[in-house]
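Note sheet for the following structure.
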Amino acid sequence: MSTFTIFLILIIIVCLLLVLVIMVQNPKGGGLSSSFGGGGTQVVGGVKKTSDFLDKSTWTLATLLIVLILLSNVSLKGNYGNADSKLLQGDDIETVPETVPEEVPEQLPPAGNTNPTDTIGG
Numbered sequence: 001m002s003t004f005t006i007f008l009i010l011i012i013i014v015c016l017l018l019v020l021v022i023m024v025q026n027p028k029g030g031g032l033s034s035s036f037g038g039g040g041t042q043v044v045g046g047v048k049k050t051s052d053f054l055d056k057s058t059w060t061l062a063t064l065l066i067v068l069i070l071l072s073n074v075s076l077k078g079n080y081g082n083a084d085s086k087l088l089q090g091d092d093i094e095t096v097p098e099t100v101p102e103e104v105p106e107q108l109p110p111a112g113n114t115n116p117t118d119t120i121g122g
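According to UniProt numbering, the sequence shown is numbered sequentially starting from 1.
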């Protein structure tokens with residue numbers, strides 16, 4: 001498994017977690033924090049404010065996502081960065097010889113009416 005594949009799997013996991021954290025939040029100030037009594041100072045699972053926890057986790061996951069994307073780009077360029085063109089190296093290039101027909105066919109007269117005095121629409 002390449003490093004790019006590992007980064008890709010981690011990016012997908014972080015994206016799913018980020019969607020989950022954003023969907024739990026309520027933009028009107030309710031959300032998960034209001035379902036625990038609406039208290040901003042109430043302790044739930046060791047966290048003082050659920051809204052602060054969700055806000056910090058959103059920023060953390062977004063930052064982690066950006067870092068993973070940048071690292072995956074570096075790992076992708078690392079895999080393909082050393083590949084040079086065969087044209088630059090000049091090794092083992094197969095050339096196809098250009099074939100020219102021996103006899104050139106004669107030019108045929110245009111098909112249809114050959115009278116130059118006849119014009120279209122006139």
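Cβ coordinates follow ideal geometry from the N, Cα and C atoms, glycine included.
query, result
"Thr63 burial status per 10 Å Cβ neighbour count (16 or more: buried)", "exposed"
"Residues of its chain near Val21, where Cβ-Cβ distance is below 7 Å and the 5 sequence neighbours each way are ignored", "Leu54, Ser57, Thr58, Leu61"
"Burial state of Thr50, where buried means 16 or more other Cβ atoms lie within 10 Å", "buried"
"Simplified DSSP state of Val21, which is helix, strand or coil", "helix"
"Short Cβ contact (8 Å threshold) for Asn65 with Phe7", "With the sequence shown as reference, residue 65 is identified as Leu, and Asn is not the correct amino acid for it. No. Outside cutoff."
"Cα-Cα separation, Leu16 to Gln25", "15 Å"
"With 16 other Cβ atoms within 10 Å as the buried cut-off, status of Val19", "exposed"
"Ser75 beta carbon less than 8 Å from that of Ile11", "no"
"DSSP state of Asn26 mapped onto helix, strand, coil", "coil"
"Three-state class that DSSP yields for Val14 in the structure shown", "helix"
"Helix, strand or coil at Lys49 according to DSSP, with G and I counted as helix", "coil"
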